[in-house]
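Quick note on my numbering: the sequence shown kicks off at 15 and runs consecutively. Step one of this worksheet: look at the structure below.
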Amino acid sequence: MLTIRMVEERLAKSHQRGLIPGACHTYVGEEAIATGVCAHLHEADAVFSTHRGHGHALAKGMEPRQLMAELYGRETGCSRGRGGSMHLFAPEIGMMGTSGIVGPCILQATGAGYSSLIMKTGNVGVAFFGDGAANNGAFHEGLNMATIWKLPVLFVCENNQFATEVPFSSVAGNPSVAARGAAYGIASFEVDGNDVLAVEAAAGEAVKRARNGEGPTLIECKTYRTRAHAEGMGDFTYRTREDVERWKAQCPIARLKKHLLDQKLATDAELNAIEQEVATLTESAHEFAEKSAYPTAESATTHVYAAPRSGPLRDVPASSASTRELTFMKATLEALTEEMAHNPKIFVMGEGIGVRGGNFATTSGLFAIHGPERLRDTPICERGFVGLAGGAAMTGTRPVVDFMFADFVLDSVGEIINQIAKMQYMSSGRLKMPVLMRGCIGIGHNAATHHSGSYYSMYAHFPGLRVVVPSSPRDAKGLLKTALTCDDPVLFLEHRELMTVKGPVPEEEYFIDFGQAAIVREGSDITVVALALMVHKTLTACETLAKEGINVELIDPRTVAPLDVDTIIQSVAKTGRILIVDEDFAHCGISAEIAAQLADRGFDELDAPIRRLNGKPSPTPYSPTLEAAVVPNVESIAQAIRELCAE
15 MLTIRMVEER LAKSHQRGLI PGACHTYVGE EAIATGVCAH LHEADAVFST HRGHGHALAK
75 GMEPRQLMAE LYGRETGCSR GRGGSMHLFA PEIGMMGTSG IVGPCILQAT GAGYSSLIMK
135 TGNVGVAFFG DGAANNGAFH EGLNMATIWK LPVLFVCENN QFATEVPFSS VAGNPSVAAR
195 GAAYGIASFE VDGNDVLAVE AAAGEAVKRA RNGEGPTLIE CKTYRTRAHA EGMGDFTYRT
255 REDVERWKAQ CPIARLKKHL LDQKLATDAE LNAIEQEVAT LTESAHEFAE KSAYPTAESA
315 TTHVYAAPRS GPLRDVPASS ASTRELTFMK ATLEALTEEM AHNPKIFVMG EGIGVRGGNF
375 ATTSGLFAIH GPERLRDTPI CERGFVGLAG GAAMTGTRPV VDFMFADFVL DSVGEIINQI
435 AKMQYMSSGR LKMPVLMRGC IGIGHNAATH HSGSYYSMYA HFPGLRVVVP SSPRDAKGLL
495 KTALTCDDPV LFLEHRELMT VKGPVPEEEY FIDFGQAAIV REGSDITVVA LALMVHKTLT
555 ACETLAKEGI NVELIDPRTV APLDVDTIIQ SVAKTGRILI VDEDFAHCGI SAEIAAQLAD
615 RGFDELDAPI RRLNGKPSPT PYSPTLEAAV VPNVESIAQA IRELCAE
């Protein structure tokens, strides 16, 4: 507790001096909670925290100099200068990260508990969060999942009375966080968060329960931060000086010191010696941090993606004689079946993917082989199980999230973009994020607007994500095999209208690398780039156009992140013309990105303007006549090609 207090007070001074270029959220007054809980944790136990995480990091074993250097923005910091006060990573000691966004730590700790369940390690996941997070959807979804699957997780609510500057009492219909545990069937306790012995006792019981397979525990620790929400912020517009002073009198360090002296467990001299030792350590850490170098500019974009794995099994040549006809769905099921047999750390989560086998038979037959832990039917809580998947990936397993339709996963977009996509980068490559998220996209079957979205352009915008959109059974299997063996998070998006399409699939094992476009059809007059279902519609159009003397070269990017622009440019160098056919909207879409890159890198190869044919910019309607009106068809593709060839 003294280490946390003295380091925080030193950081407050450093903030005033300008040594900390960003925010500084101190833990002063709450030291008993992190100390009491972490006293029971092993190095392999995983801690996830929120923006006020300095105390949790230090209690878990982080060296003060690493913490200080991080806040000073130095290369020697725990996150190599990438995180600052709100993003602290030290996975080597089980400090899996803190987040500037309230709530994700609850889901990630639940994921760590799921990894422990899968790998039978006996490790515990711990989430530290404030009272504000108790009103967040992640709280409900995380506690519910942890309870129904009896996961080894501690949910530690540090109720410091205010979420930033909003009193908890004014935003909570039930002001007791601990009392909410009963609604989930979860063991829960309310303790004096400024009494380290009380916290230590409650945490000890909770950790014991978790390791014995008795499930999660919710501990509400009543406490108070005695400094401002963040250094430099005003502090007495929403609370009074008298309140702060009253809580300072309940200082957890002073209370323990009094207890030790009253019980004759220590002498003044012994306690003074400890204080001097910690003071020396703190000053040494400050000097180290201040003298440390800043990260180099060259490192600013490293670790966005994992280093590619090398292996002897790569893409099988298209001329392979060892093929059989499989549907798109059967090809992906074969890939998943092979990899689940090979890697016991793979598990699948989704609604109806267990005994039922998935809405599109994506997991058919696998439940009978692997059982409910590896084929886990979930509640309808997309944010919850995607966030869980992130925490599971961070702690050693390989989750597959089957979200049925791509529209549904939008409920979890914050977990995907703010957490999963950024973890490798923020941890300087020390955390891998092998999360595979798959589901159906595309217009068809009169599914209307909540079952027809594509979204690949949106996800492709964000660094850290791989986005795969296959069009054939062969490509689907090879790309899914790669997705199940790479260390990056992957969005694997499958067009609903292709699920029953048949095609040749090699019998031998094979992988298809991301970022390699396929030349579906060679030609000389015009290049057409198309994705998913549009590949098939364009092929049909090509048959008609060939009779008219128009020879089309058709390129399927297969992945939109990474995007193989080189193959497209090489094709345009041959044909001089390009049409981009995309079912999705034109505005800010993948067709716009391809057009921009061609204008930048391949302008001299063009003999005519770049043209695009896109779906109409509207939500997807239900009626067959309306649905047909908003998506390109074979005739509109053929006509667009004719017109461009005439220019």
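All C-beta atoms in this analysis are idealised placements derived from N, C-alpha and C, irrespective of residue type, glycine included.
- By DSSP's assignment, LYS516 forms a beta bridge with THR341.
- Straight through space, the alpha carbons of GLY398 and ALA606 are spaced by roughly 33 angstroms.
- CA-CA distance, LEU270 to GLY366, rounds to 52 angstroms.
- Between the stretch 158-177 and the stretch 135-149, the count of C-beta pairs closer than 8 angstroms reaches three or more; the two stretches touch.
- Scanning the stretch 354-398 from its first residue to its last, the whole alpha helix (DSSP H) runs of 4-plus residues come out as 380-384.
- With a beta-carbon spacing of about 29 angstroms, MET82 and GLY410 fall beyond the 8 angstroms limit used to define contacts.
- Here MET343 is buried: its Cβ has 16 or more other Cβ atoms, across all protein chains shown, within 10 Å.
- Under DSSP, MET109 takes part in a beta bridge, and its partners are VAL61 and ALA104.
- Beyond the five residues adjoining it in sequence on each side, GLY195 comes within less than 6 angstroms, by CB distance, of SER202 and LEU232 in the same chain, given in chain order.
- Counting along the chain, ALA532 sits inside the beta strand (DSSP E) bounded by residues 532-535.
- Non-local beta-carbon contacts of ARG225 in its own chain, meaning distances under 7 angstroms to residues more than five positions away in sequence, involve GLY136, VAL138 and PRO166 in chain order.
- Taking C-beta separations shorter than 8 angstroms and ignoring five residues to either side along the sequence, the partners of GLY248 in its chain run ALA242, following chain order.
- ALA141 has PHE62 and PHE169 as its beta-bridge partners, per DSSP.
- Taking the C-beta atoms as reference points, VAL221 is found no nearer than 8 angstroms to HIS465.
- Taken atom to atom, the span from the alpha-carbon of GLU562 to that of ALA642 is near 26 angstroms.
- Excluding five sequence positions before and after VAL579, the CB atoms of its chain that fall closer than 6 angstroms to its own CB belong to GLN611, given in chain order.
- Nearest in C-alpha terms to ALA345, of all of PHE528, VAL362 and PRO484, is PRO484.
- Cβ contact annotation for ALA48 (same chain, cutoff 6 angstroms, sequence separation greater than five): GLY69, HIS70 and ALA73, in chain order.
- Put simply, the backbone Cα of CYS38 is about 11 angstroms away from that of GLY32.
- In the DSSP annotation of this structure, the continuous segment of the beta strand (DSSP E) that includes VAL414 starts and ends at 412-419.
- Looking only at VAL414, TYR252, GLN175 and ALA382, the smallest Cα-Cα distance to VAL362 is reached by VAL414.
- In the three-state DSSP reduction, GLY443 falls in the coil class, being neither helix nor strand.
- DSSP places LYS262 in the helix class (H, G or I) of the three-state scheme.
- Around the C-beta of HIS317, 16 or more other C-beta atoms lie within 10 Å, and the residue is accordingly described as buried.
- Between GLY111 and HIS101, the CB-CB gap stays under 8 angstroms.
- Within the stretch 561-614, the runs of alpha helix (DSSP H) that reach at least 4 residues and sit entirely inside it are, in chain order, 579-589.
- Exclusion of the five residues before and after SER63 leaves HIS70, THR112, CYS119 and PHE142 as the residues of its chain whose Cβ lies within less than 7 angstroms of its Cβ.
- Of the residues assessed, TYR308 falls on the exposed side of the cut-off, its CB having fewer than 16 other CB atoms within 10 angstroms.
- Inter-residue distance for TYR636 and GLY364 is about 26 angstroms (C-alpha atoms, whole angstroms).
- Per the Cβ contact rule, the stretch 454-471 is not in contact with the stretch 523-542 (fewer than 3 Cβ pairs under 8 angstroms).
- Nearest to ALA148 by C-alpha distance, out of ASN174, TRP163, TYR128 and GLU523, is ASN174.
- With fewer than 16 neighbouring CB atoms inside 10 Å of its own CB, GLY385 falls in the exposed class.
- Taking C-alpha positions only, ALA660 is separated from ALA622 by approximately 9 angstroms.
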